[in-house]
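Undergrad: Residue numbers (our numbering): 356 to 843.
Can you read through this structure? Questions will come right after.
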Amino acid sequence: MAKEITPRSENYSQWYLDIVKKADLADNSAVRGCMVIKPSGYAIWENMKAQLDKMFKDTGHVNAYFPLFIPKSFLSKEADHVEGFAKECAVVTHHRLMNNPNGPGVVVDPEAKLEEELIVRPTSETIIWNTYRDWIQSYRDLPLLINQWANVVRWELRTRPFLRTAEFLWQEGHTAHASKKEAEEEAAIIHEVYARFAEDYMAMPVVKGRKTANERFAGAEETYTIEALMQDGKALQAGTSHFLGQNFAKAFDVKYLTEANKEDFVWATSWGVSTRLVGGMIMTHSDDEGLVLPPRLAPIQVVIVPIPKPNGELLEVADKIVAELQSHGIRVKVDKDKKKRPGFKFAEYEMRGVPVRLGLGKRDLENNTIEVARRDTKTKEQLPLENLGAQIEKLLEDIQNNLLQRAKDFRSERTTVVDDLDTFKEILENKGGFISAHWDGTTESELKMKELTTATIRCIPNDQEAESGKDLVTGKESKGRVLFAKAY
Numbered sequence: 356m357a358k359e360i361t362p363r364s365e366n367y368s369q370w371y372l373d374i375v376k377k378a379d380l381a382d383n384s385a386v387r388g389c390m391v392i393k394p395s396g397y398a399i400w401e402n403m404k405a406q407l408d409k410m411f412k413d414t415g416h417v418n419a420y421f422p423l424f425i426p427k428s429f430l431s432k433e434a435d436h437v438e439g440f441a442k443e444c445a446v447v448t449h450h451r452l453m454n455n456p457n458g459p460g461v462v463v464d465p466e467a468k469l470e471e472e473l474i475v476r477p478t479s480e481t482i483i484w485n486t487y488r489d490w491i492q493s494y495r496d497l498p499l500l501i502n503q504w505a506n507v508v509r510w511e512l513r514t515r516p517f518l519r520t521a522e523f524l525w526q527e528g529h530t531a532h533a534s535k536k537e538a539e540e541e542a543a544i545i546h547e548v549y550a551r552f553a554e555d556y557m558a559m560p561v562v563k564g565r566k567t568a569n570e571r572f573a574g575a576e577e578t579y580t581i582e583a584l585m586q587d588g589k590a591l592q593a594g595t596s597h598f599l600g601q602n603f604a605k606a607f608d609v610k611y612l613t614e615a616n617k618e619d620f621v622w623a624t625s626w627g628v629s630t631r632l633v634g635g636m637i638m639t640h641s642d643d644e645g646l647v648l649p650p651r652l653a654p655i656q657v658v659i660v661p662i663p664k665p666n667g668e669l670l671e672v673a674d675k676i677v678a679e680l681q682s683h684g685i686r687v688k689v690d691k692d693k694k695k696r697p698g699f700k701f702a703e704y705e706m707r708g709v710p711v712r713l714g715l716g717k718r719d720l721e722n723n724t725i726e727v728a729r730r731d732t733k734t735k736e737q738l739p740l741e742n743l744g745a746q747i748e749k750l751l752e753d754i755q756n757n758l759l760q761r762a763k764d765f766r767s768e769r770t771t772v773v774d775d776l777d778t779f780k781e782i783l784e785n786k787g788g789f790i791s792a793h794w795d796g797t798t799e800s801e802l803k804m805k806e807l808t809t810a811t812i813r814c815i816p817n818d819q820e821a822e823s824g825k826d827l828v829t830g831k832e833s834k835g836r837v838l839f840a841k842a843y
């Protein structure tokens, strides 16, 4: 099976597409730019969703659901917002079809034109804030901490499964607060939740920071981001949290009565991560043999393969092992297919990224042991059947930590401090990765650097230290280093 995967060194983009296809994660759809998420891929997203949902609820948020369609006039109310999304919007103009009077098939009924066009949501700030106007009257109604799990449409021309599609799945949080301080604290809390999820569950190290004014979310006063580094040296924006100030409250006239009995506009945040995280996890860990999954998010953490065939005593022992592993909270499967050979099964589960494979044969039973194969290191060892659940639990944790450390080491190797433009270009072209360089804080310099190198400022790191230096493009004084990279 691995021979069907293009090596990363040969063609990274094709390697990624091969992984998605051969690991059975997603398929093309009849709609250009959209994907069908297959059960294996959706199971990963379900695990991500479940963990994130718990983290949101642990920080006081609740779920709701808002309409898919947004009146066009709503998008006109916040100028920066409409400008940011106008070119990506899908528009509904009619509400009915009719039989074609001139031939077979159906056509749009010209009599069914909508009085006002509807936008298929690219994001929900506008319709949610229009709703919040009715929900918020006084300080007693605040804070309002709402999240929704939904699909959105952004009419992308160049797409890639999970990373960029015309329709994708995500969560979007929208909160309202009585003060600027509370809203800023909320944006920071979610920023930390995203970073913790990426590192603790995805085993994907991220840099926490702020976006430049040019890269901020449309309508935001501040955008906080987590940036990850993929194996091809490109950065991936993995999650963003936005402090919206009072912009949307003013656009939709959302006021509240303060404790001092005065009227004021509320303060807002919004934040989201999407199925793009699945793509990021694939590109962070996988290899030329297939998918590699961190155990905490793997749909199947352990697979048991009876050798040579699943029958008799082997199945009895396998079922006992399943019960023991499940008692330790481990997601486990026994492969009971009698048609496929063990070697084929081994290759299949390696391709699908199952973290641990247990090979159970007659000789193992005689020795009271079992063969254990790790997907991350491709190593094998014999473990005693006694106390197997505790041993596998520890092994899964070791795999999780190893994947995170391996990704951290890669990021460290591919992060370079640069102080002149020529070196910047050489590193970007031949090494890639994050480049730490001085920036004078102007959009003009930022755009010129992108024009000269194709690199963008991924973030102003939270741990940025005050350091004197010169902007690589303008030569002007800099307040500190920022992270540049080519990006998805």
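Where a beta carbon is used, it is the ideal one built from N, C-alpha and C, also for glycine.
1. Tell me the DSSP secondary structure of Y420 in three-state form.
2. Would you check if the distance between the CB atom of T726 and the CB atom of K717 is smaller than 8 Å?
3. Which of helix, strand or coil does DSSP assign to D642?
4. What would DSSP say about K694, mapped onto helix, strand or coil?
5. Would you mind working out which of T448, P465, Y367 and H450 sits nearest P456, comparing C-alpha positions?
6. Sort G388, E703 and A419 by Cα distance to I482 and report the nearest one.
7. Are the CB atoms of V709 and I655 nearer to each other than 8 Å?
8. Which residue from H416, L648, I501 and W504 puts its Cα closest to that of E752?
9. My output table needs one value for Y556: the three-state DSSP class, helix, strand or coil.
10. DSSP three-state call for N625: helix, strand or coil?
11. Looking at the C-beta of N756, does it have a partner C-beta in chain B at a distance below 8 Å?
12. Output the distance between the C-alpha atoms of M585 and L591, rounded to the nearest integer angstrom.
13. Output needed for F552: all residues of its chain with C-beta closer than 7 Å, excluding positions within five of it in sequence on either side, in chain order.
14. For V437, collect the residues of the same chain with a Cβ closer than 7 Å to its Cβ; drop the 5 residues on either side in sequence, then sort them by chain order.
15. So for H565, helix, strand or coil by DSSP?
16. Entirely within the region 400 to 467 and at least 4 residues each: give me those alpha helix (DSSP H) ranges in chain order.
17. Does DSSP classify P394 as helix, strand or coil?
18. Could you tell me which residues DSSP puts in a beta bridge with Y579?
19. Exposed or buried, which one is V461 when buried takes at least 16 other CB atoms within 10 Å?
20. Can the beta-carbon of F421 be found closer than 8 Å to that of T486?
21. DSSP has S368 in a bridge; who is on the other side?
22. For S800, which three-state DSSP category applies?
23. My output table needs one value for G830: the three-state DSSP class, helix, strand or coil.
24. By Cβ distance, which residues of its chain are closer than 8 Å to A381, with the 5 residues on each side in sequence left out?
25. Going by CA-CA distance only, name the one from N454, S368, R451 and M638 that's closest to F765.
26. Within 10 angstroms of its Cβ, does L650 collect 16 or more other Cβ (buried), or is it exposed?
27. For the candidate residues I685, P663 and Q737, whose alpha-carbon lies nearest to that of K694?
28. T595: which of N602, H529 and S534 sits nearest, CA to CA?
29. Can you check which of these residues, A575, E472, F598 and E471, is closest to S534 by C-alpha distance?
30. Check whether the Cβ atoms of V660 and P697 sit closer than 8 Å, and answer yes or no.
31. For V508, does the three-state DSSP call read helix, strand or coil?
32. Among residues of its own chain, excluding the 5 on either side of E471, which ones have a beta-carbon nearer than 7 Å to its beta-carbon?
33. Quick check on the DSSP output: the alpha helix (DSSP H) that includes Q681 runs from which residue to which?
34. So does the region 626 to 640 actually touch the region 670 to 684, counting three or more Cβ pairs closer than 8 Å?
35. Using a Cβ-Cβ cut-off of 6 Å (strictly less than) and excluding sequence neighbours within five positions of G846, which residues of its own chain qualify?
36. Going by DSSP in three states, S767 sits in which element: helix, strand or coil?
TA: In terms of the structure at hand:
1. Here DSSP, grouped into helix, strand and coil, assigns Y420 to coil.
2. With the sequence shown as reference, residue 726 is identified as Glu, and Thr is not the correct amino acid for it. No, Cβ-Cβ distance for E726 and K717 is not below 8 Å.
3. Strand, per DSSP.
4. Secondary structure of K694 (DSSP, three-state): coil.
5. It is P465 whose Cα lies nearest to the Cα of P456.
6. In terms of Cα proximity to I482, the closest of G388, E703 and A419 is A419.
7. Contact flag set, yes.
8. Residue nearest to E752 within the set H416, L648, I501 and W504 is L648 (criterion: CA-CA distance).
9. Looking at Y556 - three-state DSSP - the assignment turns out to be coil, as it is neither helix nor strand.
10. Per the sequence shown, the amino acid found at residue 625 is Ser instead of Asn. Note: S625 maps to strand in three-state DSSP.
11. In summary, chain B is missing from the structure at hand, where a single protein chain is found.
12. Our two residues, M585 and L591, have alpha carbons roughly 7 Å apart in a direct line.
13. Hits under 7 Å: Q406, L407 and M410.
14. Same-chain partners within the cutoff: L430 and S431.
15. Sequence check: residue 565 is Arg here, not His. Looking at R565 - three-state DSSP - the assignment turns out to be strand.
16. When DSSP assignments are scanned along the region 400 to 467, the uninterrupted stretches of alpha helix (DSSP H) that are 4 or more residues long and fall wholly within it turn out to be 427 to 430 and 434 to 440.
17. Per DSSP, reduced to three states, the secondary structure at P394 is helical.
18. Secondary-structure assignment with DSSP links Y579 through a beta bridge to R565 and S596.
19. Answer is exposed; the Cβ neighbour count stays below 16.
20. Yes.
21. Partner(s): none; S368 has no beta bridge.
22. In the structure shown, S800 sits in a helix (DSSP, three-state: H, G or I).
23. Coil at G830, not helix or strand.
24. Correct list, in chain order: V375, M390, V391, I392, K393, G396, P516 and F517.
25. If we check each option's Cα against that of F765, M638 comes out closest.
26. In the sequence on display, residue 650 carries Pro and not Leu. So P650 counts as buried.
27. Looking from the CA of K694, the closest CA among I685, P663 and Q737 belongs to P663.
28. With distances taken between Cα atoms, T595 lies closest to H529.
29. The option with the nearest alpha carbon to S534 is F598.
30. Taking 8 Å as the cut-off, the beta carbon of V660 is found closer than this to the beta carbon of P697.
31. Correct three-state label for V508: strand.
32. Excluding residues within five positions, the ones whose Cβ falls inside 7 Å are P426, K427 and S428.
33. Q681 -> alpha helix (DSSP H) spans G667 to S682.
34. Look at the beta carbons and you see the region 626 to 640 not touching the region 670 to 684: under three pairs across the two are nearer than 8 Å.
35. Limits of the chain in this structure are 356 at one end and 843 at the other, which puts residue 846 out of reach.
36. Note: S767 maps to helix in three-state DSSP.
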